[in-house]
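Undergrad: Plus 508 on top of the position in the sequence shown (first one is 1) and you've got our numbering. A single structure is presented below for examination.
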Amino acid sequence: MNILPVISFALLAMILMSMLAKTRPYSKTVLPGKTLLVTPLSILSKLWLHRFGLSALATGLVFTSLAGWLPLSMVYMVAAFALVILLLPMKMTLTSQGLALGDGLFQPWKEFTGIKQNRSSLELKNKSMFSKIVLFVDPAKNQQTLKYIENHIPAN
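Structural data, given as structure tokens:
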């Protein structure tokens, strides 16, 4: 038995598990502070949240299928699992202490350095270039969400 297909499938499974852990963690974190707003995340916001996992998964699926290590049915199955993870409902919770995406990712307000508002998105800038958060929100709810966030983060 060739070991490379087994290792590649294990790595793809770990990427799926990390994506699932962001969406549905094993244990929920207790959010500090008073809850201000709870709103569902859009599919574009979930795509942004899982962008690194999805790009790694797509690269791995392309290379393992081109190398012949995974049958096409397995490639479709892994892609279907990734799609199911993206379609699982997630929520954004704004508290007086920070921002929570889903049930496992919480960032305090002090980690954010600014806000950039576009027509259909809010970009929460962070000290690190790779950890900024882009929230694609409904324009009708955009003003309410922006009001809560501006109270805690200085706008540019």
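All C-beta atoms in this analysis are idealised placements derived from N, C-alpha and C, irrespective of residue type, glycine included. Source: prediction; values computed, not measured.
1) In the DSSP output, which residue or residues are listed as bridge partners for Thr543?
2) Gly622: buried (16+ other C-beta within 10 angstroms of its C-beta) or exposed?
3) Buried or exposed: which applies to Val645, given that a residue is buried once 16 or more other Cβ atoms fall within 10 Å of its Cβ?
4) Grab the span of the alpha helix (DSSP H) containing Pro513 for me, first residue to last.
5) Go to Lys624, then tell me how far its beta strand (DSSP E) extends in each direction, as first and last residue.
6) At what residues does the alpha helix (DSSP H) containing Lys554 begin and finish?
7) Hey, how far is the Cα of Ala665 from the Cα of Leu552?
TA: Looking at the coordinates:
1) Within the DSSP secondary-structure output, Thr543 pairs in a beta bridge with Thr603.
2) Burial call: exposed.
3) Looking at its Cβ environment, which holds 16 or more other Cβ atoms inside 10 Å, Val645 is buried.
4) Pro513 -> alpha helix (DSSP H) spans 511-531.
5) Here the beta strand (DSSP E) through Lys624 covers 620-625.
6) Note, Lys554: alpha helix (DSSP H), 551-557.
7) There is simply no residue 665 to check, as the chain begins at 509 and stops at 664 in what is shown.
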